[in-house]
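4 is the number of the first residue of the sequence shown in our numbering; add one for each residue after it. Below is one structure, written out as structure tokens, with a few remarks after it.
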Amino acid sequence: MRKRLIISSMLVGVLAAGIGFGGHTYASEAPDQSEQIVKMHEGDTPISISVDEKTGITVEIYEVKEAPFQTFASGWQTIGSDSFTLYNDNKFRTNGTIVKSGGGDFGIRVSAHTSSSITGTSPLMTFQLFEDDPSGDAFVGQASFSNKSGSSYDVVFRSIGSYVDGTDGKAEFYVKHAENYKLSSGSLRVTYID
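The following block contains the structure:
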């Protein structure tokens, strides 16, 4: 009798737990898995919004307070990082780092830095985003911004899901950069977020 009561109690507990947890929707169950549940800078005002003329991709640039980047289970994750040497010649360069994106939105966090040896009136940085593909790389979009010493920036490419391909369901992105200034010391750290 006691054994039966224990088994019945366990069954009721398992059923109650199943009913309680069964009502949750997880990102992988959503109709569009590439849609970001938590949008980067939702409600914030960007310092710049542009639509790339070639691809129609919207690029938003935000000035951010220097703080550790936090990841969220259903939102943005750090997927890679890189260090750029700045040359003050406005020529595009890439370091060869390729990161895999699941679609939705893709971001580049530019760490705070101090510019020196500026050509022109203000320090200007330009990023070009490409999707790496064996049949030929695809240009995704371009964004430029004027650097204010000591500020960090997020460059967010919106709705890049159409670049997801291949058997892994990922887009393979890399960044080219050009700038009209050098750093006062060291290299520029960027973090890729998806």
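Note that CB positions come from ideal geometry on N, CA and C, so glycine has one too.
- Query: Between which two residues does the beta strand (DSSP E) harbouring residue 90 extend?
  - Reply: In the sequence shown, counting from the first residue as 1, residue 90 sits at position 87. Here residue 90 belongs to no beta strand (DSSP E), and DSSP marks it neither H nor E.
- Could you check the C-alpha separation between residue 88 and residue 171 for me, to the nearest Å? Reading the sequence shown from its first residue, position 85 is the one you call residue 88. Reading the sequence shown from its first residue, position 168 is the one you call residue 171. So the two alpha carbons sit approximately 32 Å from each other.
- Message: DSSP three-state label for residue 110, please.
- Response: For the purposes of this step, residue 110 is taken as the residue at position 107 of the sequence shown. In the structure shown, residue 110 sits in a strand (DSSP, three-state: E or B).
- Can you tell me the Cβ-Cβ gap for residue 174 and residue 104, rounded? I've got them flagged as a contact below 8 Å. If you number the sequence shown from 1, residue 174 lands on position 171. If you number the sequence shown from 1, residue 104 lands on position 101. Yes, they are in contact, since the Cβ atoms of residue 174 and residue 104 sit about 5 Å apart, within 8 Å.
- Message: Is it buried or exposed, residue 231, if we count other Cβ atoms within 10 angstroms and call 16 or more buried?
- Response: Absent from the structure is residue 231, since the part of the chain shown begins at 4 and ends at 197.
- Can you have a look at residue 197 and say buried or exposed, based on whether 16 or more other CB atoms are within 10 angstroms of its CB? By 1-based counting over the sequence shown, the position of residue 197 is 194. Residue 197 should be labelled buried.
- When the Cα atoms are used, what is the spatial distance from residue 62 to residue 142? Here residue 62 refers to the residue found at position 59 of the sequence shown. Here residue 142 refers to the residue found at position 139 of the sequence shown. The straight-line gap from Cα to Cα measures roughly 13 Å.
- Does the Cβ of residue 111 have 16 or more other Cβ atoms within 10 Å, making it buried, or fewer, making it exposed? One-based indexing of the sequence shown puts residue 111 at position 108. It counts as buried.
- Task: Give me the Cα-Cα distance between residue 169 and residue 100, rounded to the nearest whole angstrom.
- Result: For this step, residue 169 is matched to residue 166 along the sequence shown. For this step, residue 100 is matched to residue 97 along the sequence shown. Roughly 19 Å between the two C-alpha positions.
- Task: Below 6 Å CB to CB, which residues in the same chain sit around residue 182 once its five sequence neighbours on both sides are set aside?
- Result: Taking the first residue of the sequence shown as 1, we reach residue 182 at position 179. Within the same chain, residue 182 has close Cβ partners 89 and 128.
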